[in-house]
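One structure below.
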Amino acid sequence: MAGDLYPDHGVTGTENRQYNREQRAGKHEADAALYKSHQCEQTPHPGSWRRHDQRTQGPLVAGYGIYTQGQEILLTFSFCSSLVSGYVITYFPLRGRSETIRLILSDQGAKWTEEEVQFTDWFTANCEHKKQAVFGQLPKFKDGDFVLYQSNSILRYLGRKYGIAGGSNQESALIDMVNDGVEDLRMKLVRVLFYEPEKGTEKYEADLPDQFSAFERILSQNSNGTRFVVGDQISYADYNLLDILHVHLALFPACLASFPLLTAFSDRISSRPKLMEYLKSEARKNRPIVPKK
Ligand code: GTS
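Residue numbers for the sequence shown follow my numbering, beginning at 1 and rising by one.
In structure tokens, the structure reads:
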């Protein structure tokens, strides 16, 4: 049977075609009567199986019905759908450089598992996560057996995987450009918050209009700011820009007051149904922007 499985019924294509021919010739009527209740177009081949899937908000419930002696015996099982997608985010208990990954996955309807690494463990001499990390840092992202580090590489990977990385070479380059702009702003914020906290955030906050005006202009040049940063489809750079806006709005609530397009962009993208569901979730609310003391 190997290599010749009839996909939906678990018997070989040859066996199935033969059985269907026999059915059309009027054979197997007794079987047909017995299987009528199963609403199959054709009487299933005895011993064959069919798959039942039921996707719910929670676990994926799957099962196989095995046809035998006029009955379909249902074997059901359920398992966590994150295991189906196999995505795992390994990171500190923070939004940080993993949050855009979460925004993409939730908006694209994917599930994932979080693997939290506490800072206290990370800074011990024998931290396995640290030893394995290609550049000695997190986040780490797993897609099944495939392991990736570097947050922006992860975003581009998901961008290509979900078709949100541009429709042409030039569109992809522009999306990359905006994403690099978000990265520059993120690094400036990281510097004031974590590397030089003693200097305070006043100057940073005062300089923010210079930073935001670049993104406001980018938005204005695409559909007058009514859609996305590039083109007419969402891209991974939109999610990254959204995340950096969320972070700034949380830290400096008035920072977008003179940026109507960025304000509208943040409201519009945040209200996409699946994204909104994630943004309202307890997991998101409980994850801080800066480490808890
Ligand atoms: N370029 C890397 C990326 O984009 O993934 C930077 C990753 C990075 O700086 N990670 C920090 C880290 O692992 C945590 S955070 O900046 O994302 O909060 N720090 C621990 C260490 O030992 O460097």
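Using N, Cα and C, we set each Cβ at its ideal position, and we do this for glycine too.
Predicted, not measured: the structure shown is a model, and the values here were computed from it.
Among Glu198, Gln211, Glu196 and Lys203, nearest to Val178 - alpha-carbon criterion: Gln211
Residue from Lys27, Gly159, Glu198 and Gly167 with nearest C-alpha to Asp107: Gly159
C-beta neighbour in chain D for Met276, strict 8 Å: Judged by its chain identifiers, the structure shown contains no chain D, having just a single protein chain.
Ser151 beta carbon near ligand 1 (any heavy atom closer than 7 Å): yes
Sub-8 Å separation of Ser98 and Tyr91 beta-carbons: Cβ atoms of Ser98 and Tyr91: closer than 8 Å.
Any non-hydrogen atom of ligand 1 within 7 Å of Leu148 CB: Checking the Cβ of Leu148 against ligand 1 gives no.
Distance cut-off 7 Å: Gly96 Cβ against heavy atoms of ligand 3: Only ligand 1 can be found as ligands here, which leaves ligand 3 out of the picture.
Inter-residue Cα distance where the pair is Thr56 and Ala110: Per-residue confidence for Thr56 stands at a pLDDT of 33, beneath the threshold of 50, marking its modelled position as unreliable; no derived number is given.
Check: Phe141 C-beta below 7 Å from any heavy atom of ligand 1: Checking the 7 Å criterion, the Cβ of Phe141 is out of range of every heavy atom belonging to ligand 1.
Nonlocal neighbours in the same chain, by C-beta distance under 8 Å from Phe135, ignoring five residues either side: Tyr149 and Gln150
Ligand 1 heavy atom lying under 7 Å from the CB of Leu138: yes
Val229 - DSSP class collapsed to helix/strand/coil: coil
For Thr226 and Lys274, the rounded distance between their alpha carbons: 20 Å
Residues of its chain near Arg272, where Cβ-Cβ distance is below 7 Å and the 5 sequence neighbours each way are ignored: Asp107
Exposure label - Pro139; buried when at least 16 CB within 10 Å: buried
8 Å Cβ cutoff met for Tyr239 and Leu103: yes
Through-space distance from Glu114 to Lys142, alpha-carbon basis: Separation of Lys142 and Glu114 (C-alpha to C-alpha, rounded to the nearest whole angstrom) is 10 Å.
heavy atom of ligand 1 below 7 Å from Val88 C-beta: no
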